[in-house]
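Chains as they are written, first to last, in full-length UniProt numbering: chain H, 1 to 287; chain C, 1 to 287; chain U, 1 to 287; chain A, 1 to 287.
We put the beta carbon where it would ideally sit given N, CA and C, even for glycine.
Here is the structure we will look at.
Number of protein chains: 4
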Amino acid sequence: MKPTAILLLHCPDEQGIISEVTKFITDNHGNIVYLDQYVDREDGMFFMRLEWELEKFTIPREKIEDIISTLYAKRYSMEFNLYFNDDKPRMAIFVSKMSHCLYDLLARYKAGEWNVEIPCIVSNHEDLRYVAEQFDIPYYIWSIKKDHSNKAEVEAAEMELLKKERVTFIVLARYMQIISDEIINKYPNHIINIHHSFLPAFVGAKPYHQAWERGVKIIGATSHYVTAELDAGPIIDQDVTRISHKDTPESLVLKGKDLEKIVLSRAVTKHIERKILTYHNKTIIFS
Amino acid sequence: MKPTAILLLHCPDEQGIISEVTKFITDNHGNIVYLDQYVDREDGMFFMRLEWELEKFTIPREKIEDIISTLYAKRYSMEFNLYFNDDKPRMAIFVSKMSHCLYDLLARYKAGEWNVEIPCIVSNHEDLRYVAEQFDIPYYIWSIKKDHSNKAEVEAAEMELLKKERVTFIVLARYMQIISDEIINKYPNHIINIHHSFLPAFVGAKPYHQAWERGVKIIGATSHYVTAELDAGPIIDQDVTRISHKDTPESLVLKGKDLEKIVLSRAVTKHIERKILTYHNKTIIFS
Amino acid sequence: MKPTAILLLHCPDEQGIISEVTKFITDNHGNIVYLDQYVDREDGMFFMRLEWELEKFTIPREKIEDIISTLYAKRYSMEFNLYFNDDKPRMAIFVSKMSHCLYDLLARYKAGEWNVEIPCIVSNHEDLRYVAEQFDIPYYIWSIKKDHSNKAEVEAAEMELLKKERVTFIVLARYMQIISDEIINKYPNHIINIHHSFLPAFVGAKPYHQAWERGVKIIGATSHYVTAELDAGPIIDQDVTRISHKDTPESLVLKGKDLEKIVLSRAVTKHIERKILTYHNKTIIFS
Amino acid sequence: MKPTAILLLHCPDEQGIISEVTKFITDNHGNIVYLDQYVDREDGMFFMRLEWELEKFTIPREKIEDIISTLYAKRYSMEFNLYFNDDKPRMAIFVSKMSHCLYDLLARYKAGEWNVEIPCIVSNHEDLRYVAEQFDIPYYIWSIKKDHSNKAEVEAAEMELLKKERVTFIVLARYMQIISDEIINKYPNHIINIHHSFLPAFVGAKPYHQAWERGVKIIGATSHYVTAELDAGPIIDQDVTRISHKDTPESLVLKGKDLEKIVLSRAVTKHIERKILTYHNKTIIFS
Numbered sequence: 001m002k003p004t005a006i007l008l009l010h011c012p013d014e015q016g017i018i019s020e021v022t023k024f025i026t027d028n029h030g031n032i033v034y035l036d037q038y039v040d041r042e043d044g045m046f047f048m049r050l051e052w053e054l055e056k057f058t059i060p061r062e063k064i065e066d067i068i069s070t071l072y073a074k075r076y077s078m079e080f081n082l083y084f085n086d087d088k089p090r091m092a093i094f095v096s097k098m099s100h101c102l103y104d105l106l107a108r109y110k111a112g113e114w115n116v117e118i119p120c121i122v123s124n125h126e127d128l129r130y131v132a133e134q135f136d137i138p139y140y141i142w143s144i145k146k147d148h149s150n151k152a153e154v155e156a157a158e159m160e161l162l163k164k165e166r167v168t169f170i171v172l173a174r175y176m177q178i179i180s181d182e183i184i185n186k187y188p189n190h191i192i193n194i195h196h197s198f199l200p201a202f203v204g205a206k207p208y209h210q211a212w213e214r215g216v217k218i219i220g221a222t223s224h225y226v227t228a229e230l231d232a233g234p235i236i237d238q239d240v241t242r243i244s245h246k247d248t249p250e251s252l253v254l255k256g257k258d259l260e261k262i263v264l265s266r267a268v269t270k271h272i273e274r275k276i277l278t279y280h281n282k283t284i285i286f287s
Numbered sequence: 001m002k003p004t005a006i007l008l009l010h011c012p013d014e015q016g017i018i019s020e021v022t023k024f025i026t027d028n029h030g031n032i033v034y035l036d037q038y039v040d041r042e043d044g045m046f047f048m049r050l051e052w053e054l055e056k057f058t059i060p061r062e063k064i065e066d067i068i069s070t071l072y073a074k075r076y077s078m079e080f081n082l083y084f085n086d087d088k089p090r091m092a093i094f095v096s097k098m099s100h101c102l103y104d105l106l107a108r109y110k111a112g113e114w115n116v117e118i119p120c121i122v123s124n125h126e127d128l129r130y131v132a133e134q135f136d137i138p139y140y141i142w143s144i145k146k147d148h149s150n151k152a153e154v155e156a157a158e159m160e161l162l163k164k165e166r167v168t169f170i171v172l173a174r175y176m177q178i179i180s181d182e183i184i185n186k187y188p189n190h191i192i193n194i195h196h197s198f199l200p201a202f203v204g205a206k207p208y209h210q211a212w213e214r215g216v217k218i219i220g221a222t223s224h225y226v227t228a229e230l231d232a233g234p235i236i237d238q239d240v241t242r243i244s245h246k247d248t249p250e251s252l253v254l255k256g257k258d259l260e261k262i263v264l265s266r267a268v269t270k271h272i273e274r275k276i277l278t279y280h281n282k283t284i285i286f287s
Numbered sequence: 001m002k003p004t005a006i007l008l009l010h011c012p013d014e015q016g017i018i019s020e021v022t023k024f025i026t027d028n029h030g031n032i033v034y035l036d037q038y039v040d041r042e043d044g045m046f047f048m049r050l051e052w053e054l055e056k057f058t059i060p061r062e063k064i065e066d067i068i069s070t071l072y073a074k075r076y077s078m079e080f081n082l083y084f085n086d087d088k089p090r091m092a093i094f095v096s097k098m099s100h101c102l103y104d105l106l107a108r109y110k111a112g113e114w115n116v117e118i119p120c121i122v123s124n125h126e127d128l129r130y131v132a133e134q135f136d137i138p139y140y141i142w143s144i145k146k147d148h149s150n151k152a153e154v155e156a157a158e159m160e161l162l163k164k165e166r167v168t169f170i171v172l173a174r175y176m177q178i179i180s181d182e183i184i185n186k187y188p189n190h191i192i193n194i195h196h197s198f199l200p201a202f203v204g205a206k207p208y209h210q211a212w213e214r215g216v217k218i219i220g221a222t223s224h225y226v227t228a229e230l231d232a233g234p235i236i237d238q239d240v241t242r243i244s245h246k247d248t249p250e251s252l253v254l255k256g257k258d259l260e261k262i263v264l265s266r267a268v269t270k271h272i273e274r275k276i277l278t279y280h281n282k283t284i285i286f287s
Numbered sequence: 001m002k003p004t005a006i007l008l009l010h011c012p013d014e015q016g017i018i019s020e021v022t023k024f025i026t027d028n029h030g031n032i033v034y035l036d037q038y039v040d041r042e043d044g045m046f047f048m049r050l051e052w053e054l055e056k057f058t059i060p061r062e063k064i065e066d067i068i069s070t071l072y073a074k075r076y077s078m079e080f081n082l083y084f085n086d087d088k089p090r091m092a093i094f095v096s097k098m099s100h101c102l103y104d105l106l107a108r109y110k111a112g113e114w115n116v117e118i119p120c121i122v123s124n125h126e127d128l129r130y131v132a133e134q135f136d137i138p139y140y141i142w143s144i145k146k147d148h149s150n151k152a153e154v155e156a157a158e159m160e161l162l163k164k165e166r167v168t169f170i171v172l173a174r175y176m177q178i179i180s181d182e183i184i185n186k187y188p189n190h191i192i193n194i195h196h197s198f199l200p201a202f203v204g205a206k207p208y209h210q211a212w213e214r215g216v217k218i219i220g221a222t223s224h225y226v227t228a229e230l231d232a233g234p235i236i237d238q239d240v241t242r243i244s245h246k247d248t249p250e251s252l253v254l255k256g257k258d259l260e261k262i263v264l265s266r267a268v269t270k271h272i273e274r275k276i277l278t279y280h281n282k283t284i285i286f287s
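Laid out in structure tokens, this is it:
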């Protein structure tokens with residue numbers, strides 16, 4: 001894997017942005033290996049993902065951000081993020097009692113499918129400690145009491161762990177507790193949740209039972225970034241499966257588990273690859 | 001096409017119903033060509049669809065209903081409907097301005113795909129008269145005024161038409177006006193609507209715009225029987241298609257049209273084949 | 001609809017092509033309304049679709065092709081096609097006996113969904129003349145005899161019609177006769193066929209029967225450009241539907257018809273929008 | 001879980017079979033909890049799956065098979081299999097180097113999703129020993145040499161293991177070696193393979209590369225029972241995912257892995273639940 005820089009940007013659409021920026025990379029001997037762009041003509045916004053090899057790039061990597069900022073950010077009212085592919089994202093997984101998403105994430109991790117580190121698993125239950133142990137990953141348990149008397153304390157401990165482990169994003173792998181606003185604000189568009197319905201249908205608790213009650217013929221799962229409002233953050237991916245009158249709430253849960261783990265892992269893949277831009281509570285997903 | 005009788009029934013589940021009923025058919029020389037059954041173990045209900053050839057059946061067709069009623073209905077607390085395949089359903093189509101569903105229905109009708117008669121098309125607009133004329137089907141226009149001053153009159157006229165044409169079921173092919181309770185009550189589970197979203201997401205007006213606003217990654221369409229509550233009747237079929245951030249409300253409308261016509265026509269097919277049972281605001285769809 | 005120019009190009013990938021070409025458009029006051037590009041890193045090929053408004057574009061439309069050719073084609077070893085959105089494609093439809101694809105195409109045409117003209121329908125059978133008449137489109141019949149004795153004559157007549165009607169592309173809407181090489185060579189990547197299977201499975205005749213014999217659980221349909229080799233041209237679109245052991249060859253045909261018409265019409269849409277590039281017997285489909 | 005008996009049968013279709021058999025169960029105080037049947041009208045064959053609780057069933061379980069055989073098998077030319085739900089199937093997993101299917105199977109096993117025992121994992125490589133160790137399952141390695149000089153020996157060792165562990169069915173979880181005819185004959189319709197294409201397209205090696213070469217727009221995976229002919233056994237399940245010109249052979253492999261594990265596990269689920277009947281190289285899958 002050759003070292004590359006990845007630039008994700010958006011700004012009001014203007015003629016010449018692509019040519020300016022690609023010319024800048026090229027002129028400085030960066031070999032562009034990925035370019036995808038999208039214009040939202042409704043809002044007049046331009047979005048781009050650019051990736052280039054650093055090997056012969058004449059600008060030292062620690063100066064790239066500053067130069068892009070100086071040359072383009074103000075001029076184009078541009079917001080951007082710069083990443084390096086050898087700077088691995090560090091992912092914390094939060095779980096409760098169901099193992100299917102956790103196993104799916106860890107199996108990919110162990111197989112080397114992802115350019116990521118997983119320094120810790122956090123839970124509010126003992127149940128999945130054995131999975132963490134199978135994969136030799138530290139497992140931490142904190143549970144907020146029903147009267148919320150230990151809420152501040154738990155959140156402080158969680159924040160400390162995330163800081164200590166230099167966690168860059170969080171995956172809620174069927175974690176059944178509300179994430180505190182403090183963590184959400186610390187990780188804007190960096191907490192990925194899997195909701196076990198085809199959002200916005202069946203927000204909240206027991207969506208498969210809701211689906212069964214309503215008599216739908218298709219069920220779904222939705223991965224999204226977590227925002228302050230429950231199940232209302234930017235949607236990253238969704239998928240569905242056909243069901244019939246023969247299904248019970250229990251069989252829906254089983255069928256849904258397969259959707260959940262795939263839809264969650266697809267979102268995690270895109271996040272790790274830095275291929276997601278968020279804008280106006282929506283996602284632009286580069287392919 | 002040999003003449004057959006079709007029996008759709010449901011009752012509390014008891015041992016022996018299948019054997020009793022099939023033995024009755026067989027003993028009277030009916031050749032069973034279709035048998036499918038389903039037990040809802042949660043509610044303890046039994047559902048069956050049975051179809052047999054009448055050629056050598058020793059009970060005259062006009063006496064079958066009475067005999068089934070006498071022999072089984074009370075004993076098993078059974079509700080049932082009896083149909084004959086040579087007794088063609090008569091379908092009225094209600095439309096407004098969009099032609100895609102109407103064309104799809106009429107193309108199938110004209111190609112002889114369905115065992116159905118279409119005696120009339122009803123609309124609140126002139127727009128699709130040319131389609132009706134292409135297919136030589138009478139086209140009626142009634143529109144309820146915004147102040148509802150002619151509501152009673154319109155509904156009376158519609159009811160009279162439906163009666164005169166011996167309409168057995170109604171298809172709302174993107175008909176953008178509310179159906180009166182009187183018609184709904186006259187045709188319980190016999191009015192099929194197509195809603196242009198994946199219900200229960202995006203009930204009501206402009207669902208594609210709602211979907212676009214929410215940033216979903218999949219859109220859908222839902223065919224359902226019409227009940228008094230808007231978009232809340234028993235779902236017959238649903239289907240979905242994948243979209244991306246590149247889609248606009250306009251492209252969603254175009255993609256959705258393909259879903260709508262297919263999902264509506266699949267529901268109409270099942271209805272014409274008498275393969276739908278409704279129970280507790282859900283459908284059992286025999287295959 | 002404002003007049004636009006559409007440029008489809010491909011060439012060996014080099015740094016700076018996007019910036020060169022977009023700068024050229026911009027400098028000459030063309031307002032770019034669409035830009036999508038793709039790099040095949042395996043083959044080192046660059047593909048782009050560019051569309052810009054002509055209103056304030058300072059280069060007269062009749063000179064654009066020549067200028068692009070002069071400025072870029074040689075320098076970048078570029079192949080390109082230039083279209084104008086007000087230059088409507090002219091589509092001939094070839095049919096045999098089944099009406100579902102034909103109705104679907106004509107319903108879209110009549111509804112104004114496509115920027116296209118349909119000057120003629122060609123068939124080897126009388127069967128669908130009534131459909132052509134419903135839509136007031138001339139219907140021509142030519143049939144090649146089994147001994148091929150009239151082959152040259154038929155093809156000459158067809159070629160003459162296509163020329164007279166200035167047909168720019170041909171849609172085979174379940175046309176069950178082999179297209180002559182002469183026509184194929186005259187319309188390279190401009191004849192769209194719908195094959196009623198998930199290619200490359202079940203090439204040739206009676207694919208639904210083949211699928212049923214093999215016991216597959218999913219059937220499909222494939223739209224592709226016609227090349228000299230049967231069912232082997234560049235694939236434009238495919239779709240599938242789930243089936244079960246309960247399906248018969250006849251029910252597969254019915255389910256397949258819905259796939260065929262949608263998959264064919266999606267291909268036609270992309271072709272009319274000039275969003276398809278072909279390269280090495282594959283298609284690049286811009287979104 | 002109450003103990004039940006499961007009867008899978010097929011025979012030429014005759015009136016009265018359902019009533020005879022269900023009456024027999026009922027008369028002997030068996031509480032039927034599942035009944036599904038299917039008639040292949042083409043071949044005139046009847047298929048049924050019946051499950052009933054044994055608690056109050058008056059016939060001792062060890063005599064049921066004999067009685068069914070005596071009462072019905074000859075009379076109806078019936079073939080049948082009788083299972084008891086507390087008689088857990090014993091599954092051997094064969095793997096090579098890729099872990100995704102193995103992890104998916106073991107994660108379900110460990111989560112208690114399946115009524116199954118997994119006494120052993122067999123491989124021709126060392127690579128996945130660590131997975132077996134994570135889940136504490138014995139791991140055996142045998143590899144047939146390229147000159148096949150140790151073929152007989154390896155097969156004898158495998159057969160001995162399967163016998164010793166009382167293995168009732170085998171799952172090939174991306175096992176890249178041909179299974180010997182001896183094992184196939186010993187486990188007819190009891191060896192489940194996952195093929196990484198939408199069969200019958202792309203039989204044999206490197207199907208994702210074949211798919212990429214052909215330029216398909218959808219890829220698939222197929223689970224099937226293994227027969228003597230390569231990739232030609234009865235298909236149990238298939239699924240597909242949409243791809244585009246942007247995909248490379250490598251990205252197809254990644255997307256395909258998600259299909260493979262889900263399609264394989266769905267087949268294993270159905271097999272464990274004894275819901276698959278095979279007939280004429282096809283499967284009847286009860287829901």
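Compare the Cα-Cα distances from residue i to each of the options and report the closest residue.
i: I6(C); options: R61(C), K56(C), H271(C) and F84(C); result: F84(C)
i: G30(H); options: H10(H), G16(H), K2(H) and M45(H); result: K2(H)
i: D13(C); options: K270(C), M78(C) and E65(C); result: M78(C)
i: I137(H); options: F169(H), I68(H), A173(H) and I93(H); result: I93(H)
i: E65(U); options: W142(U), L252(U), P249(U) and L8(U); result: L8(U)
Is it the case that the Cβ atoms of residue i and residue j are separated by a distance below 8 Å?
i: A232(U); j: E260(U); result: no
i: M159(H); j: I118(H); result: no
Could you tell me which residues DSSP puts in a beta bridge with residue i?
i: F36(C); result: For clarity, residue 36(C) is Asp in the given sequence; the question names Phe instead. For D36(C), which the question treats as bridged, DSSP gives the partners R49(C).
i: R90(C); result: E117(C)
i: F84(U); result: A5(U)
To the nearest angstrom, report how far apart residue i and residue j are at their CA atoms.
i: K206(U); j: K217(A); result: 22 Å
i: N150(C); j: V167(C); result: 23 Å
i: S251(A); j: L264(C); result: 36 Å
Residues of the stretch 236 to 254 of chain H with Cβ closer than 9 Å to any Cβ of chain D, in chain order: The structure shown contains no chain D; the protein chains it does contain are H, C, U and A.
Stretch pair the stretch 93 to 110 of chain C + the stretch 61 to 79 of chain U: three plus CB contacts closer than 8 Å: No: the two stretches stay apart, fewer than three of their Cβ pairs being nearer than 8 Å.
Three or more C-beta pairs below 8 Å linking the stretch 161 to 172 of chain U and the stretch 191 to 209 of chain U: Segments in contact, yes.
Validate contact between the stretch 268 to 275 of chain U and the stretch 38 to 53 of chain A using beta carbons, cut 8 Å, 3 pairs: The stretch 268 to 275 of chain U, when compared against the stretch 38 to 53 of chain A, does not touch it at the 8 Å Cβ threshold.
Cβ pair count under 8 Å reaching 3, the stretch 106 to 121 of chain U against the stretch 174 to 181 of chain U: Inter-segment contact for the stretch 106 to 121 of chain U and the stretch 174 to 181 of chain U is absent: fewer than three beta-carbon pairs are separated by less than 8 Å.
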